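In my numbering, the protein residues as written are 49 to 340.
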Amino acid sequence: MVRLRLDLAYDGTDFSGWARQPGRRTVQGEIEEALGKVLRIPEPPALTVAGRTDAGVHARGQVAHMDVDAEVLGALDSRHRRTEPLPGLETAEGVAVRLPVLGRRLTGVLPPDVRVYGVTVAPDGFDARFSAVSRRYAYRVCDAPGGVDPLRRHEVVWYGRPLDLGRLNEAARTLLGEHDFAAFCKKREGATTIRELQRLDWVREGDVLVATVVADAFCHSMVRALIGALLPVGEGRLPVDWPGGVLARAVRDSGVRVAPAHGLCLEEVRYPEPGELARRARETRRVRTLSR
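In structure tokens, the structure reads:
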């Protein structure tokens, strides 16, 4: 078996999220179906993803991995070249020469709202989910009185009141660091809500405000809940210390509205150096507790 890394992007508008669901159109479902066609196997390899995005959420820098039989890749190469497979198939170097074929074939069968733009042999110890050291999201909001540019309506949320950049950033700073983010997460049985929020800041690009959110990992709905807590502060309806107070209480607050999905985009997933991948995966699998 050979582990492959897939770098991909998608417009989440018409997807019911990343994860495969019976009777629903999902990103995982589309890619795995395409893999089955391209590799000509009845049971396509399952994808493990860096971050399971919700319905309507987009991605420019999503990462997944899959394990595939080297002989299957060899057969793909043989069909493409109309020759016998190249020698050295069992090695990473031998497999790598076949990967451009797989990438081109996927482009030909995938729908236009999802693209696999990179296929590489994963280094030893690589796990798309557990080896990651951080995920970077962007959330885009427009506060123009006339609404969002219609050409950007699927990626920018309209907010009907003016937003103050200084207030947004002042409130965002109170959320940085390692905390129990239970107030901003949907609790899952047996899962921790302790996360390290490494960056949360806003910039204005004309009528659009862009929040950059970076953490070692995120729990379900966390980014959109954080944004939803900051927006009323930005308009002046709540004090700048309110989000920090909600965080300290560590329980869901009815005042926190989860922001709409379509403003959110996964921009980047970062990994350590190859020699640190396995160690990072082991650390990430541990259930964390606060050090203080």
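Don't be surprised by glycine CBs; every beta carbon is placed ideally from N, CA and C.
These figures come from a predicted structure and were not determined experimentally.
Determine, using beta carbons only, whether residue i and residue j come nearer to each other than 8 Å.
{"i": "residue 255", "j": "residue 186", "result": "no"}
{"i": "residue 268", "j": "residue 236", "result": "yes"}
{"i": "residue 68", "j": "residue 314", "result": "no"}
{"i": "residue 307", "j": "residue 179", "result": "no"}
{"i": "residue 154", "j": "residue 98", "result": "no"}
{"i": "residue 188", "j": "residue 204", "result": "yes"}
{"i": "residue 55", "j": "residue 161", "result": "no"}
{"i": "residue 274", "j": "residue 227", "result": "no"}
{"i": "residue 312", "j": "residue 258", "result": "no"}
{"i": "residue 78", "j": "residue 158", "result": "yes"}
{"i": "residue 96", "j": "residue 175", "result": "yes"}
{"i": "residue 194", "j": "residue 326", "result": "no"}
{"i": "residue 94", "j": "residue 309", "result": "no"}
{"i": "residue 320", "j": "residue 223", "result": "no"}
{"i": "residue 60", "j": "residue 105", "result": "yes"}
Is residue i helix, strand or coil when you go by DSSP?
{"i": "residue 114", "result": "strand"}
{"i": "residue 341", "result": "As shown, the chain starts at 49 and ends at 340. That puts residue 341 outside it, with no answer to give."}
{"i": "residue 334", "result": "coil"}
{"i": "residue 295", "result": "helix"}
{"i": "residue 157", "result": "helix"}
{"i": "residue 209", "result": "coil"}
{"i": "residue 273", "result": "helix"}
{"i": "residue 55", "result": "strand"}
{"i": "residue 60", "result": "helix"}
{"i": "residue 109", "result": "strand"}
{"i": "residue 304", "result": "coil"}
{"i": "residue 246", "result": "strand"}
{"i": "residue 324", "result": "helix"}
{"i": "residue 310", "result": "helix"}
{"i": "residue 133", "result": "Any reading at residue 133 must be qualified, since the residue scores a pLDDT of 43, below 50, and its modelled position is unreliable; the value itself is stated next. The answer is coil: DSSP assigns residue 133 none of H, G, I, E or B."}
If I measure Cβ to Cβ from residue i and keep anything under 8 Å in the same chain, skipping five residues before and after, which residues do I get?
{"i": "residue 230", "result": "241, 298, 299 and 300"}
{"i": "residue 138", "result": "Because residue 138 carries a pLDDT of 44, less than 50, the predicted location of this residue cannot be relied on, and no value is offered for it."}
{"i": "residue 73", "result": "62, 63 and 64"}
Within its chain, find whatever has a CB closer than 6 Å to the CB of residue i; leave out the 5 residues flanking it on each side and keep chain order.
{"i": "residue 51", "result": "113, 115 and 170"}
{"i": "residue 318", "result": "181 and 182"}
{"i": "residue 252", "result": "213"}
{"i": "residue 140", "result": "Residue placement at residue 140 is poorly supported in this model, since its pLDDT is 47, which falls under 50; the coordinates still yield a value, given next. Once the five neighbours on either side are set aside, the close Cβ partners of residue 140 are 169."}
{"i": "residue 216", "result": "250, 278 and 282"}
{"i": "residue 286", "result": "280"}
Would you please state the rounded distance, in angstroms, between the beta carbons of residue i and residue j? I believe it to be under 8 Å.
{"i": "residue 246", "j": "residue 263", "result": "6 Å"}
{"i": "residue 261", "j": "residue 219", "result": "Actually they are not in contact, since the Cβ atoms of residue 261 and residue 219 sit about 13 Å apart, beyond 8 Å."}
{"i": "residue 57", "j": "residue 163", "result": "5 Å"}
{"i": "residue 53", "j": "residue 111", "result": "7 Å"}
Within 8 Å of any Cβ in chain B, is that where the Cβ of residue i sits?
{"i": "residue 112", "result": "Among the chains in the structure shown there is no chain B, since it carries only a single protein chain."}
Does the beta-carbon of residue i, which I'm using as the reference point, lie nearer than 7 Å to any heavy atom of the ligand FMN?
{"i": "residue 264", "result": "What this structure holds is no ligand at all, so the ligand FMN is not there to describe."}
Check your understanding: With contact counted as at least three CB pairs below 8 Å, one residue from each stretch, are the stretch 207-216 and the stretch 275-284 in contact?
Key -> Touching, yes.
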